[in-house]
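What follows is one structure encoded as structure tokens, with my remarks underneath.
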Amino acid sequence: MTSVLPTSSDVVTVTSLDVARCLGQLEQVQLLRLFMSPEGNTVAAAARQLNLPLQTVYRRVKGLLRLQLLLPLREVRRPGRSVQVYRCPARRFFIPRTLVPLDAYLWEGLEPFMQTFRTEFQYALEHDPQPVAGMLTGDLPDGFLFTFADQNREPWPAPDQPFPAVVSLFQTVRMDYTQARAFNQELQALVERHHQAGGAGTYLLGLFLTPTRSTGGLLG
25 MTSVLPTSSD VVTVTSLDVA RCLGQLEQVQ LLRLFMSPEG NTVAAAARQL NLPLQTVYRR
85 VKGLLRLQLL LPLREVRRPG RSVQVYRCPA RRFFIPRTLV PLDAYLWEGL EPFMQTFRTE
145 FQYALEHDPQ PVAGMLTGDL PDGFLFTFAD QNREPWPAPD QPFPAVVSLF QTVRMDYTQA
205 RAFNQELQAL VERHHQAGGA GTYLLGLFLT PTRSTGGLLG
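Under my numbering, read the sequence shown as residues 25 to 244, first letter to last.
Following this line, the structure appears as structure tokens:
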């Protein structure tokens with residue numbers, strides 16, 4: 025029984041739960057992508073590219089071979105030995121949500137990003153020219169339970185201070201479906217414009233927008 029079902033395009037539909045679970049792990053996908061070029065790749069080269077121990081990558085490759093996510097492509101002669109080149113049979117995989125719920129992939133994909141964001145965001149707050157001195161809680165505007173505070177125990181940043189180069193914003197916005205789609209398009213255009221500008225620094229941006237059923241959000 026095959027693990028994947030080829031389609032007419034360069035997309036493979038996953039039918040095996042084991043394969044779906046494997047493709048839900050970021051480290052496995054990162055490794056698999058190194059074998060997606062037409063010329064394939066070797067285990068040793070992949071280990072160097074990922075900066076991982078060779079035996080670690082060998083174990084992962086063995087699992088990918090078992091699931092038919094990697095296939096032998098050819099052997100390359102090296103002094104005194106032959107080296108196997110492997111290739112992934114597809115460049116993209118479609119995993120039906122009937123096989124694995126979306127929340128599993130949402131968590132797997134977002135958690136590493138959020139870990140990095142928390143670490144870098146905390147450092148930025150503490151080392152900003154106007155650093156955060158602590159937190160405020162209690163009777164706060166807009167229903168917030170917590171907000172950042174400056175050394176004067178006022179909400180950070182103060183209204184008369186320049187905006188810092190960091191932001192964490194969670195807010196409910198009232199829109200209908202058409203307005204939300206237009207807003208989404210505006211946000212993506214704004215992000216792309218700044219991405220193309222190219223500055224000296226690197227900033228991590230996390231952006232999400234979703235309707236909420238509890239407040240009457242519409243799905244179209």
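Beta carbons: idealized from backbone N, C-alpha and C, even for Gly.
Exercise. What number of angstroms, rounded off, separates the C-alpha of residue 21 from the C-alpha of residue 66?
Worked result: Shown here, the chain extends from 25 to 244; a query on residue 21 therefore has no answer.
For this session: May I have the straight-line CA-CA distance separating residue 105 from residue 69, to the nearest angstrom?
Result: Distance between the alpha carbons of residue 105 and residue 69 is about 16 angstroms.
Problem set entry | Whole-number beta carbon distance between residue 56 and residue 93, since they are thought to touch under 8 angstroms | 6 angstroms between Cβ atoms; contact.
Exercise. Can you check whether the CB of residue 53 is closer than 9 angstroms to the CB of residue 91?
Worked result: Result no, Cβ atoms of residue 91 and residue 53 do not sit closer than 9 angstroms.
Exercise. Closest to residue 37 by CA distance: which of 229, 119, 236 and 74 is it?
Worked result: The shortest CA-to-CA distance from residue 37 to any of 229, 119, 236 and 74 is the one to 119.
For this session: Just grab the DSSP bridge partners of residue 79 for me.
Result: Paired residues: none, contrary to the question.
Exercise. Do you know whose CA, among 103, 84, 107 and 111, lies nearest residue 97's CA?
Worked result: Answer by Cα proximity: 111.
Problem set entry | Element boundaries [beta strand (DSSP E), containing residue 160] | 158-161 is the extent of the beta strand (DSSP E) around residue 160.
Exercise. Could you give the residue range of the alpha helix (DSSP H) that holds residue 235?
Worked result: No alpha helix (DSSP H) contains residue 235, which DSSP labels as neither H nor E.
Exercise. Since residue 186 sits in a beta bridge, which residues does DSSP pair it with?
Worked result: Per DSSP, residue 186 has no beta-bridge partner at all.
Exercise. Is the beta carbon of residue 214 sitting closer than 9 angstroms to the one on residue 233?
Worked result: Annotated as distal: residue 214 and residue 233, with beta-carbon spacing of 9 angstroms or more.
Exercise. What did DSSP end up calling residue 49 once you bin it into helix, strand or coil?
Worked result: Residue 49: coil per DSSP, three-state reduction.
For this session: Say whether the segment 147-158 touches the segment 185-201, bearing in mind that this needs 3 or more beta-carbon pairs closer than 8 angstroms, one atom from each stretch.
Result: Yes: the two stretches touch, three or more of their Cβ pairs being nearer than 8 angstroms.
Problem set entry | Selected residue, minimal CA-CA separation from residue 35, among 157, 75 and 117 | Comparing alpha-carbon positions, the option among 157, 75 and 117 lying closest to residue 35 turns out to be 117.
Exercise. Once you ignore the five residues that flank residue 129 on each side, which residues in its own chain have a CB closer than 8 angstroms to its CB?
Worked result: Within the same chain, 48 and 119 come within 8 angstroms of residue 129 by CB-CB distance, once the 5 residues on both sides are set aside.
Problem set entry | Assigned secondary structure, residue 99 (DSSP; H/G/I helix, E/B strand, else coil) | Residue state, collapsed to three classes: strand.
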